[in-house]
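First comes the structure, then the notes that go with it.
2 protein chains.
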Amino acid sequence: MLICAVESLRRDWQVISSTTEFDDGHVAVLREKLLTPSRETERSWTTVRRKPAVVIAAMTAQQKLVLIRQERIPIRATIWEMPAGQVDELCNSQSLKEVAVRELREETGYELAPHGSLEFLGDFFSSPGFTDERAFLFLARPVEPSAAGHAHHESEAIVDCREVPVRELQRMIAADEVRDANTLAAFARLCARGIISIEA
Amino acid sequence: MLICAVESLRRDWQVISSTTEFDDGHVAVLREKLLTPSRETERSWTTVRRKPAVVIAAMTAQQKLVLIRQERIPIRATIWEMPAGQVDELCNSQSLKEVAVRELREETGYELAPHGSLEFLGDFFSSPGFTDERAFLFLARPVEPSAAGHAHHESEAIVDCREVPVRELQRMIAADEVRDANTLAAFARLCARGIISIEA
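What follows is the structure, given as structure tokens:
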């Protein structure tokens, strides 16, 4: 049932002005004025720019998913989540896959098995009301521990890593023990695409 | 299998310094130096502060979910998503539920049926690597169109609203047509808790 349709004016997005209020290379804050498709009058907005990211659902041959436990300074908590990393330049799907494979190895110490493959699970926006941050989801399977081990960045604080059966991941999500958008979005796509099945 | 455990120092989070670089009431940017539980040396970080939010999975008696289509300026796109809204003060679960009910009514024109209830589905962090933004998920069921209709804010641009069967929401998520963390996180919790069942 459609209760609040508004006729679209079919006009493109048009930036009237944009002023950078802050930029330290990690985060940029813009004050913007725009014309949007649905309105005649301009809108003012504060937009936070961030680099895009990749998130890797890494599944072993035994159907277990590899999670890391990482200190997250903005929320003052150490949480279980899927490995992820930022993309310096958004070129093409090949470069995204390269970043995904590298982040998987660096953060978890796992790598694709010789017959393994990366499957694109679509993208998502972490909080489109205030930031353009966009994450690209990949399924890597099967993965196995790399002889080279992990290689954590100085800027990260990954304190643990483990393989979790799908049922256990389901339990952790249901119990609010997995609480980051990356892992929840990947789980949603894995379920929706029928790649993992869940217990009723 | 545990491949990269680090012994926790079991020290609390300790803020050494915090400087506000930007704050317009919607977004605040802080430069912080902290001691974290796992390290001896302090870490520097740029943290973006945002108000917490509520997200409402609104289900009709016919097991359909109510989605809105909203212009999202930071991503220059108009997307289908679950209704959501920011919380001005984080008091208690009662106030969160009040905000959830209000946002549902304002954004969609739906309200809880007389015998309906709100169920808390846990919370999540939209992007804990850079922001403290936290969203509280609620299931409202059953909902029904309100006689009062919707009441959109001037700051919003909601251009459409519709009821979507669970199977159709699953298809939209699988096909990358639903791409916001709020809706994907709510779908993940609904699946993980066995509240909705999905087709393999």
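Sequence order for the protein chains is A and B.
Numbered as in our numbering, the first sequence ends at 921 without a single skipped number.
Numbered as in our numbering, the second sequence ends at 921 without a single skipped number.
Note that beta-carbon positions come from the ideal geometry of N, C-alpha and C, so glycine has one too.
Contact of glutamate 792 (chain A) with chain B is assigned, a C-beta pair being separated by under 7 Å. As the crow flies, the alpha-carbon of glycine 830 (chain B) is around 36 Å from that of valine 775 (chain A). Listed in chain order, the non-local C-beta contacts of alanine 872 (chain B) below 6 Å within the same chain comprise Glu827, local neighbours out to five positions each way being set aside. In this structure, leucine 825 (chain B) places its C-beta atom within 7 Å of the C-beta atom of proline 804 (chain B). Below 8 Å, too few C-beta pairs join the region 891-907 of chain B and the region 862-877 of chain B to call them touching: fewer than three. In chain A, no part has a C-beta under 7 Å from the C-beta of proline 863 (chain B); the shortest such distance is about 14 Å. Rounded to the nearest whole angstrom, the CA to CA distance from glutamine 815 (chain B) to threonine 799 (chain A) is 28 Å. Under the DSSP definition of a beta bridge, lysine 754 (chain A) partners with A:Ser738, A:Ser765.
Between glutamine 784 (chain A) and proline 886 (chain A) a beta carbon distance of about 7 Å is seen, short of the 8 Å cut, so the two are scored as contacting.
Taking a contact as a CB-CB distance under 8 Å, the pair valine 748 (chain A) and valine 899 (chain B) does not count as one, their CB atoms being some 26 Å apart. Remark: C-beta atoms of valine 769 (chain A) and valine 769 (chain B) approach each other more closely than 7 Å. DSSP, reduced to helix, strand and coil, places valine 820 (chain A) within a helical segment of the structure shown. Within the same chain, Leu786, Arg862 come within 6 Å of methionine 780 (chain A) by CB-CB distance, once the 5 residues on both sides are set aside. Between leucine 860 (chain B) and the set B:Arg888, B:Gln735, B:Asp745, B:Ile916, the nearest pair of CA atoms involves B:Ile916.
If you draw a 10 Å sphere on the C-beta of glutamine 735 (chain B), you find fewer than 16 other C-beta atoms in it, and that means exposed.
DSSP links glutamine 891 (chain B) through a beta bridge to no other residue. With fewer than 16 neighbouring CB atoms inside 10 Å of its own CB, isoleucine 737 (chain A) falls in the exposed class.
Of the candidates A:Glu753, A:Trp801, A:Thr767, A:Glu761, A:Trp801 places its Cα closest to the Cα of glutamate 884 (chain A). Glutamine 807 (chain B) is bridged by DSSP to B:Ala774. Taking 7 Å as the threshold, the shortest C-beta distance from glutamate 854 (chain B) to chain A falls below it. Between the alpha carbons of arginine 797 (chain B) and alanine 868 (chain A) lies a distance of about 44 Å. In summary, arginine 888 (chain A) is exposed, with fewer than 16 beta-carbon neighbours lying within 10 Å of its beta-carbon over all protein chains present. For alanine 902 (chain B), the uninterrupted alpha helix (DSSP H) run begins and ends at 902-913, by DSSP. Around the C-beta of glycine 850 (chain B), 16 or more other C-beta atoms lie within 10 Å, and the residue is accordingly described as buried. Our two residues, leucine 890 (chain A) and alanine 921 (chain B), have alpha carbons roughly 18 Å apart in a direct line.
Listed along chain B, the residues sitting closer than 7 Å to glutamine 891 (chain A) by beta-carbon distance are Ala913.
Under the DSSP assignment, aspartate 853 (chain B) falls outside any beta strand (DSSP E); it carries neither an H nor an E label. By the Cβ neighbour-count rule, glycine 843 (chain B) is buried, with 16 or more other Cβ atoms within 10 Å of its own.
Sixteen is the threshold: since fewer than 16 other Cβ atoms of the shown chains lie within 10 Å of the Cβ of serine 765 (chain A), the residue is exposed.
The CB of phenylalanine 846 (chain B) comes closer than 7 Å to the CB of Ile796, Arg900, Asp901, Ala902 in chain A, given here in chain order. Proximity to leucine 858 (chain B) across B:Thr767, B:Gly746, B:Arg910, B:Leu833 peaks at B:Arg910, based on C-alpha coordinates. Cα atoms of alanine 821 (chain B) and phenylalanine 841 (chain B): separation of roughly 10 Å, rounded to the nearest angstrom. With a 10 Å radius around the Cβ and a threshold of 16 neighbouring Cβ atoms, aspartate 733 (chain B) comes out exposed.
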